[in-house]
Amino acid sequence: MTARIGVVTFPGTLDDRDSLRAVRIAGAEPVSLWHRDKDLKQVDAIVLAGGFSYGDYLRAGAISRFSPVMETVIEQARAGMPVLGICNGFQILTESHLLPGAMLRNNHLHFICREQKLRVENAETAWTADYEAGQEIRVPLKNMDGRYVADERTLDELEAEGRVAFRYLDGNPNGSLRDIAGITNAAGNVVGLMPHPEHAVEPLIGTGRTDGLGFFTSILKKLVNA
Amino acid sequence: MTLDTVLHAAETPDVEQPWKELGLKEDEYARIREILGRRPTGAELAMYSVMWSEHCSYKSSKVHLKQFGDKVPENDAMLVGIGENAGVVDVGQGYAVTFKVESHNHPSYIEPYQGAATGIGGIVRDILAMGARPVAVVDPLRFGAADHPDTRRVLPGVVAGIGGYGNCLGLPNIGGEVVFDACYQGNPLVNAGCIGVMKHEDIHLAQASGPGNKVILYGARTGGDGIGGVSVLASETFESTGPAKRPAVQVGDPFQEKLLIECTLEIFKEKLVAGIQDLGGAGLSCATSELASAGSGGMRVELDTVPLRDSSLSPEEILMSESQERMCAVVEPQHVDRFMEICEKWDVIATVIGEVTEGSQLEIFWHGEKIVDVPPRTVAHEGPVYNRPFARPSWQDALQADDAGKLARPQSGEELKDQVLKLVASPNQASKAWITDQYDRFVQGNTVLAMPEDAGMVRIDEETNLGVAMATDGNGRYAKLDPYTGAQLALAEAYRNVAASGAKPLAISDCLNFGSPEDPDVMWQFAEATRGLADGCLQLGTPVTGGNVSLYNQTGETAIHPTPVVAVLGVIDDVNRRTPIAFAEQGQLLYLLGDTREEFGGSAWSEVIHGHLGGLPPRVDLDREKLLGEILISGSRDGMIDAAHDLSDGGLIQAVTESCLKGGNGARLVVPDGLDAFTFLFSESAGRAVVSVPRSEELRFTDMCGARGLPATRIGVVDGEAIEVQGEFSLSLAELRTAHEATIPALLAH
Amino acid sequence: MARVVVDVMLKPEILDPQGQAVQRALPRLGFEGIGDVRQGKRFELEVDGPVDEAALARIHEMAETFLANTVIEDFTVKVEEQSK
Amino acid sequence: MARVVVDVMLKPEILDPQGQAVQRALPRLGFEGIGDVRQGKRFELEVDGPVDEAALARIHEMAETFLANTVIEDFTVKVEEQSK
Ligand SMILES: Nc1ncnc2c1ncn2[C@@H]1O[C@H](COP(=O)(O)OP(=O)(O)O)[C@@H](O)[C@H]1O
Ligand SMILES: [Mg+2]
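The following block contains the structure:
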């Protein structure tokens, strides 16, 4: 038995094909989802892929959040379905208030594309179980609006509850508060991060590392064992 | 104001027309009257003026470009040649690749962000129009002096624009160039290239045949931006004389273009189009006349059906508008509904604006009245052709006589070391990571090699690991010293870069950036460079598949260095065999391939240490380049070399520094017999590369080089954490890294 | 048709690197005496029909839920004189 | 300290993709009756010293040469009431 993992394409989504590929390489069944359809085609988990949905106009993720598919995604996420938001997907999750805080323009004002070292702080979410807590990984980072902000109270809460899932190491690339690269909701089913694990699943491609594959094998194991 | 219909024009032959203001010459206007047998209507005049501009008609360059078609090498790879939106080559396994380089120089000086952004947008639509999925972009750039205040305005804007547009489209940027030289101060060069991939059967051509077929305009609404941009921006010497004379620049919408790409690919997949053309310079004037001209000729367009952003536009303005993110398709009637459905799916506006007719005239109507009635060929393909006078400049001999060999050379190891540090830190040789880190090189998940490497490489088939590689090069300093040789050096370098990555060079595209064709000196440079390039391509067996000419790159009387930029496309059967530049394994042996001579004319050393430009550029031997390429490709295929880096500007020490820094390993070098340390480190002799060979492969590799007659000199070993030149100096990687990486951020980061 | 303007600015406690970059560049360009710069967004909305209280209330809601992200931004709504 | 506001908007004939994207989204969110949306930039400058004619002239020049690119953008300069 395998699991069906959906990847949503919004107008302007770029990394949908890569995410589908990562799902396939991990051994799960990739399913394309379309922003205009409320129907999630019986998937077991969802990836909101990276890119520039609606051109990042207004604010990254702000327009996509109101699409038909997100109505169902928001509902299902609240009911416990695993959802991973990568980059633009993370931005959509914060705009949808499925995750707290907001994403702002990088503090240096430039798009930044580089290999980024991260620490997996929480290895108990639906998407990180194949990592060890404290494990260091390297995956590509590429974005314009990657600066995570939230008020102090929210940040303290996130820290206290272990919901800072990933932290930047070896230099904060964008001014994110407390070096936050990604967070999870309290239940651990909704995870968002700016770096791109789906670009680090094949030895030859990109930076030539496969450190990101664990996201997809984690969810697969969880779903298959459930 | 009465509408200037065809009828009206025939009845009022003596009306004064603004042909001069539209950039036409008197004899050109006379020819239009002769073609039509009457005076043109306002709309016809608009069409002819934009289509007969230098930018669209290539009227000054055509006679020289002809050589690319005349001197075609034997090459089975060529599927579609010059003349289409972009050339197409066969890369095997049923795949075809289309690629092209274009310029967006003038707009990028006026509005760096949008000028550069729309440059990417334009070249991507060219590739899309061939039926291909765009898979990567490259951006060869030239700016004024690195420390000039205006460079701080232009460069960050251009880079942000290229990134802003390309990143948003989801196209990995896999290479390019950044060169600084005072000659580009008022004329930065923003060239942009794109690669697209398709199956052979999916190749689409820009033609409208089949009477009754519908002409569909889709994409963005047409607005008042960029009107006359073609003629004003590309044909006249640009002078920055305050706001009043500043021409309009378009604002790009990469999001719209992304939708246009996905929508168009879906339309191709269902085989719904008979012909297709992108809208670029000259907008609808160009698309309609070129489609009709390449087909059977007849087309009827109802101009009032064109969706507008600004309802006050006149028909002339609609015809000339260069609004971005638009395409024009010719569709059989039974496919129109499905075509419209796909457009609706992607939120793309699509409108039937006309149809292909039996006749041979392009007829355009406005509110039911005929305002254009022209033979389309005369607009699109039979524009004026000039044999501009050219002559070897009077200063050329003196420039070549000013030999770089007489410049003072370093006298001690200490001095050598200082000069090495200066060289690798100089803006042209320094790391461009601050720039290239603003480009997404990972998107699409197929990038095998990207900056900093010799060539960018992407996988195009996940099952077989088939891949393509591209490098772009062009050294304006060399071309200034000798444009014929300079163009061949550009070709040779790009060819060498592709081969160094392990891919087999197949074909080229070029972007020829020069000054005013009305200056005989410049025209001579152009004639020499095209001749050099055509001869070179013939010899190397790499046909020119297409390209772009940008003229009038000059400020007042002063032209830029002649700057032919060459993009070489290569293919690699299995990307697993690619060769990176990084020296990744300590203990591997370093071999220098090729001959090193005392060649310093136009070199980075002469520029950085002496601020000198004179003498002759390095000699070119294209047979040698070919041999070197074969060795590099065999070496990679058979696992004999683990890293390779071509030698070009900056010479050996520059290449070794880059490979060491990338790999995080040092090198111990020995000056070979018969060479002095200075020449060994700084000479820019062409046809060379440095490779890193596993010890176990040494014999096999040197045997191969020996058997094929390529000089291979053992120059050292990958070792330690410094670059040491025995008996001369040692420089730690840390020191080199700081020198190499700090320069550009210091100049440009706020 | 009337025009309503919605101005959206980052909350004062949120770092505004765009404004800072502008401010830092000013002395270089020869402009002195600007103590602080903040950069925000301005939306000009052309409203069909009358801009009455109901319309303004709707626009206010639109700003609050969509044009601004109130986690990080403040906004103001103004009816513009139909001048010029 | 006084506050001067510089509003920078794309010229009417220039495409405004951001404004368009916002406008197209509005009906989906249930907001009808907005005929057009343009999105621009708002700069709030804190001026040290008096905002006299000389200061305004300088800010005008700053807007013209730096804050806006007048090839594609228009701008307005306003002195803000020092309210609140
Ligand atoms: N504008 C640019 N865009 C993308 N890549 C660039 C750009 N400029 C330089 N690069 C990349 O940086 C690397 C080093 O550039 P360069 O030293 O000019 O290479 P080479 O000397 O081999 O032509 C190459 O991988 C090149 O493609
Ligand atoms: Mg190279």
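Residue numbers (the numbering used here), protein chains in the order written: chain A, 1 to 226; chain B, 227 to 976; chain C, 977 to 1060; chain D, 1061 to 1144.
We treat Cβ as the ideally placed atom computed from N, Cα and C, and that holds for glycine.
query: Report the neighbours of Pro988 (chain C) on chain A: residues whose CB is nearer than 9 Å to its CB, in chain order.; result: The premise fails here: Pro988 (chain C) is roughly 13 Å from chain A at the closest Cβ pair, so nothing lies under 9 Å.
query: Can you pull the DSSP bridge partners for Val315 (chain B)?; result: B:Met304, B:Val323
query: Is the distance from the Cβ of Asp242 (chain A) to the Cβ of Thr72 (chain A) below 9 Å?; result: This structure gives no information on residue 242 (chain A), because the portion of chain A shown stretches from 1 to 226.
query: Do Thr13 (chain A) and Gly61 (chain A) have their beta-carbon atoms positioned less than 9 Å apart in this structure?; result: no
query: I'd like the ranges of any beta strand (DSSP E) spanning at least 3 consecutive residues and lying wholly in the region 367-437 of chain B.; result: 399-406, 415-425
query: Applying a beta-carbon distance threshold of less than 8 Å, which residues of chain C neighbour Lys1101 (chain D)?; result: Gln1015, Gly1016, Lys1017, Arg1018
query: Note down, in chain order, each residue of its chain lying with its Cβ closer than 7 Å to the Cβ of Thr463 (chain B), except the 5 sequence neighbours on either side.; result: Low confidence applies here, because Thr463 (chain B) scores a pLDDT of 34, under 50, leaving its location unreliable; read the following figure in that light. These residues qualify, in order along the chain: Ser742, Tyr778, Gln780.
query: Could you pull out every unbroken alpha helix (DSSP H) segment of at least 4 residues lying fully inside the region 779-839 of chain B, listed in chain order?; result: 830-836
query: If we define contact as Cβ-Cβ less than 9 Å, is Leu354 (chain B) a contact residue for chain A?; result: no
query: Is the beta carbon of Lys440 (chain B) less than 9 Å from the beta carbon of Val557 (chain B)?; result: yes
query: Answer yes or no: does any C-beta atom of chain D fall closer than 9 Å to that of Leu1021 (chain C)?; result: yes
query: For Asn185 (chain A) and chain C, any beta-carbon pair shorter than 9 Å?; result: no
query: Does the beta-carbon distance from Phe1043 (chain C) to Val980 (chain C) come in below 9 Å?; result: What sits at residue 1043 (chain C) in the sequence shown is Leu, not Phe. No, they are not a contact pair.
query: Which stretch, first to last residue, makes up the beta strand (DSSP E) that contains Tyr168 (chain A)?; result: 164-168
query: Under DSSP, the beta strand (DSSP E) around Phe1103 (chain D) begins and ends at which residues?; result: 1094-1107
query: Compute the distance between the beta-carbons of Trp572 (chain B) and Glu492 (chain B), then report whether it is under 9 Å.; result: yes
query: Exposed or buried, Met273 (chain B), counting other C-beta atoms within 10 Å across all chains shown (16 or more means buried)?; result: buried
query: With a Cβ-Cβ cutoff of 9 Å, do Pro414 (chain B) and Gly370 (chain B) count as a contact?; result: yes
query: Under a three-way DSSP split, which group does Phe464 (chain B) fall into?; result: Note that Phe464 (chain B) scores 33 on pLDDT, short of 50, meaning its location in the model is unreliable and no value can be drawn from it.
query: Chain A partners of Thr673 (chain B), CB-CB under 7 Å?; result: Ile205, Gly206
query: Cβ of Gly230 (chain A) less than 9 Å from any chain D Cβ?; result: This structure cannot speak to residue 230 (chain A), because chain A is shown only from 1 to 226.
query: Can you tell me which of the three DSSP states Val1053 (chain C) falls into?; result: strand
query: Is there contact between the region 407-427 of chain B and the region 355-373 of chain B, where contact requires at least three CB pairs shorter than 8 Å?; result: yes
query: Just the Cα atoms here: how many angstroms apart are Ser218 (chain A) and Val164 (chain A)?; result: 18 Å
query: By Cβ distance below 7 Å, which residues in the same chain neighbour Tyr391 (chain B) in space, the five residues on each side in sequence not counted?; result: Ala343, Ile346, Gly347, Gly478, Pro480
query: Taking C-beta pairs closer than 7 Å, name the residues in chain C that Arg1118 (chain D) reaches, listed in chain order.; result: Phe1007
query: Please look up how many angstroms separate the CB atoms of Ser586 (chain B) and Gly523 (chain B), rounded, as I've assumed it's under 8 Å.; result: 4 Å
query: Could you list which residues in chain D have their beta carbon closer than 7 Å to that of Gly55 (chain A), in chain order?; result: Pro1077, Ala1081
query: Note down, in chain order, each residue of its chain lying with its Cβ closer than 7 Å to the Cβ of Glu184 (chain A), except the 5 sequence neighbours on either side.; result: The amino acid at residue 184 (chain A) is misidentified as Glu; the sequence shows Thr. Taken in chain order, the residues that qualify are Asn122, Thr125, Arg163, Ala165, Val190, Val191.
query: Where does Phe591 (chain B) sit, in a helix, a strand or coil, going by DSSP?; result: strand
query: For Arg379 (chain B) and Tyr410 (chain B), which I take to be in contact (beta-carbon distance under 8 Å), what is that distance rounded to the nearest angstrom?; result: Not a contact, Cβ separation roughly 14 Å.
query: Could you please give the first and the last residue of the uninterrupted beta strand (DSSP E) stretch that includes Ser19 (chain A)?; result: Unbroken run through Ser19 (chain A) is the alpha helix (DSSP H), 16-26; no beta strand (DSSP E).
query: Kindly confirm or deny that the region 628-635 of chain B and the region 94-105 of chain A touch, where touching means at least three C-beta pairs closer than 8 Å.; result: no
query: Could you check how far apart the C-beta atoms of Leu962 (chain B) and Val650 (chain B) are, in whole angstroms? I think they sit under 8 Å.; result: 6 Å
query: Starting from Ile1048 (chain C), find everything on chain D with Cβ-Cβ shorter than 7 Å and list it in chain order.; result: Those do not exist, as Ile1048 (chain C) stays about 16 Å from chain D at its closest Cβ, beyond 7 Å.
query: Does the CB of Leu48 (chain A) have a neighbour CB from chain D at under 9 Å?; result: no
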